[in-house]
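Student: Got a structure here, written out as structure tokens. Questions coming.
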Amino acid sequence: MSSYFDMAAQLYSDGDKRSAFNAFLELALDGDVQAQAMVGYMLENGEGTEQNIAEAIGWYERAAAAGSDVADFNLGHIFRSGKAGAVDEGRAFNHFMKAARAGNVHAMFETAQMLEYGAGTQKSLERAAAWYESAGRYGHTEAQNCIGAMYQEGHGVPVDYARAKEWYEMAAKERHPRAMYNLGMLYDRGLGVERDHEKALEWCRKAAHAGHEKARDIIRRLQEEGKIVF
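Under numbering that gives the first Met the number 0, think of the first position of the sequence shown as 0, with each following residue one higher.
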């Protein structure tokens, strides 16, 4: 990374977005791929310059063609959200997949989501599970919860409560609300673990504290029935 790029990045961090945009643009015109992706981002979001989605796409495509997984990921979001006009899930999936194959963790998750629900591509729970696992191994907590649920329900993978528990625990350690709730439900039902209502309640409390609505409702109901003190 050039010292001029570092200077542009510092200008951006300091809040001088207009100067940062001009610096990134100069680098982008000279072929700096990371700067091209950044110019696309700033054009997309109207930072330091007027918002221009068409121009943003042009810069992203230029950077993506040179191997920028970030540019492919951002293109995926533009086409899936309809920010460029009409939603184009097929193009979105192609960009997410390309970025995922390049190692972009967030793109791995988006690819898995689209495969799970058949958005922009043929539905494949097996391929979705594989991409959730890939993202989960890199610490993506939502992916960890999703693959845990797939092992619990047998969607795309054989039912395996022990592996479901492992994935839920990974995400729960990072205070992922749904993973904490799902882990509590394993203990409540004795799925892959010895049934333990105390542990179930403990995880439900943690999920409630983290903002999980269903967990909050359960805790509230138990309080009203006089069965627990929160």
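Beta carbons are placed, not taken as given, at the ideal position from N, Cα and C, and that holds for glycine.
Taking contact to mean at least 3 C-beta pairs separated by less than 8 Å, is the segment 198-212 in contact with the segment 144-164?
Tutor: Segments in contact, no.
Student: Quick one: Cα of I217 to Cα of C203, how far?
Tutor: The residue you call residue 217 lines up with position 218 of the sequence shown. The residue you call residue 203 lines up with position 204 of the sequence shown. Their backbone Cα atoms lie some 8 Å apart in a straight line.
Student: Comparing C-alpha positions only, which one of E46, F92, G102, D187 sits nearest to G66?
Tutor: Mapped onto the sequence shown, residue 66 falls at position 67. The option with the nearest alpha carbon to G66 is G102.
Student: Considering only the alpha carbon of each residue, which of V32, R177, A19 lies closest to A142?
Tutor: Looking up residue 142 in the sequence shown gives position 143. Nearest C-alpha to A142 among V32, R177, A19: R177.
Student: Beta carbon of E43, beta carbon of N73: below 8 Å?
Tutor: Start at 1 with the first residue of the sequence shown, and residue 43 comes out as number 44. Start at 1 with the first residue of the sequence shown, and residue 73 comes out as number 74. Yes, the pair counts as a contact, with Cβ atoms nearer than the cut-off.
Student: Restricting to runs no shorter than 4 residues, where is the alpha helix (DSSP H) found entirely within the segment 130-178?
Tutor: 140-152, 160-172
Student: Measure how close the beta-carbons of G39 and A70 come, nearest whole angstrom, since I'm counting them as under 8 Å.
Tutor: The residue you call residue 39 lines up with position 40 of the sequence shown. The residue you call residue 70 lines up with position 71 of the sequence shown. G39 to A70, Cβ: 6 Å. Contact.
Student: In the structure shown, what three-state DSSP assignment does G117 receive?
Tutor: One-based indexing of the sequence shown puts residue 117 at position 118. Coil.
Student: Just the C-alpha distance for Q50 and Q9, rounded to the nearest angstrom, thanks.
Tutor: Taking the sequence shown and counting its residues from 1, the one referred to as residue 50 is at position 51. Taking the sequence shown and counting its residues from 1, the one referred to as residue 9 is at position 10. Approximately 21 Å, taken between the alpha carbons.
Student: Suppose the cutoff is 8 Å on Cβ atoms and the five residues either side in sequence are ignored; what does the same chain contact list for H211 look like?
Tutor: Position 212 of the sequence shown, counted from the first residue, corresponds to residue 211. P176, R177, M179, Y180, listed in sequence order.
Student: Who are the near neighbours of S18 in its chain, counting only those whose CB is closer than 6 Å to its CB and skipping five residues on each side?
Tutor: By one-based count along the sequence shown, residue 18 stands at place 19. Here the set comprises L10.
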